[in-house]
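Reading through the structure tokens given below for one structure.
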Amino acid sequence: MNVRVAVIGGGRMGAGIAQVFLAEGAWVTVQEADEDAARAAAGRIAKGLRTAEARRPGLRADEALRRLSAGPVPETAELVIEAVPEDPRLKAEVLAEAEARIGPHAVLATNTSSLSISELSAALSGPHRLIGLHFFNPVPVQRLVEIVVTPHTPPEVLDRARKYVEMLGKTGVVVNDSPGFATSRLGVLLGLEAIRMVEEGVAAAEDIDTAMTLGYNHPMGPLRLGDLVGLDVRLAVAEYLHARLGPRFEPPALLRDMVARGELGRKSGKGFYVWES
């Protein structure tokens, strides 16, 4: 894959996106807020590549890391993927900054899991060029990418987005722009109901998750998945969907209470499970 990719935001999702592109031969620039964040992102990417190297014959982590750089989105970027936190203002700001730096034929994408692509694109000079590329956590393992289009997405932008997804060996599903798209809408609804079941004393978190993994063949239960995603993120998405789609997405009081206590899941060491650092 001889393509130049820029990833804005080097957190867990951004680092995973950078890793999978590097593993397929792309040149990747990661833009972070400051040098400390950039070093942390590089460390995450390096750790992920070395873990993948042990499992994937032919992958050379050191060679891939030579194609990694830190800094602002380069003018030569052919694909830019924004992966900053789910804050509409922040996303719109970094997308507009990226658009001002890149050429007219570069693909501009957001990794948002629920925010409106059309609303984010309103900050751009060319709103038609923004597309959703929703990767899943952990990016190197998950095979799905949700490709989110608006009524104004040009066919050539969708075609290029599909090709990038295929180059990564992943499967893309095309979804029209709507609150929560397809996957977040379904996944959050299941997760919220699981939290209500804990809240109401129906069953313990572990038993609810086991029921879904063994009874429905889910690779992971909804409560453990919420811990991995971050319960603060789960709450923010639920509040957004509640405002857009109505009461069925109202966050349970238990979720609000856990986030208020700082019980955010793996990132804080405690959520519905206790996590080792």
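Sequential numbering from 1 applies to the sequence shown in my numbering.
Idealized CB from N, CA, C, for every residue including glycine.
Under the DSSP assignment, L130 falls outside any alpha helix (DSSP H), being part of the beta strand (DSSP E) whose first and last residues are 130 to 135. Burial is judged here by how many other beta carbons sit within 10 angstroms of a residue's own beta carbon; P104 has fewer than 16 and is exposed. G172 is bridged by DSSP to V145.
DSSP, read as helix, strand or coil, puts E75 in coil. Contact check for V30 against A40 fails: the beta carbons are separated by 8 angstroms or more. Ranked by how close their Cα comes to the Cα of V229, the residues P138, V148, T213 have P138 in first place. When rounded, the separation of the alpha-carbon atoms in L168 and R143 is 9 angstroms.
The Cβ-Cβ distance between A109 and A161 falls below 8 angstroms. Taking the C-beta atoms as reference points, G126 is found no nearer than 8 angstroms to E97. About 6 angstroms separates the beta carbon of I117 from that of L130, a gap short enough to meet the 8 angstroms contact definition.
In this structure, V157 is the residue among R60, G187, G221, V157 with its C-alpha nearest to the C-alpha of A106. With 16 or more other Cβ atoms from the protein chains shown falling within 10 Å of its own Cβ, V84 counts as buried.
For I17, the enclosing alpha helix (DSSP H) starts and ends at 12 to 23.
Of the residues assessed, Y216 falls on the exposed side of the cut-off, its CB having fewer than 16 other CB atoms within 10 angstroms. Residue state for K270 is assigned as strand, using DSSP reduced to three classes.
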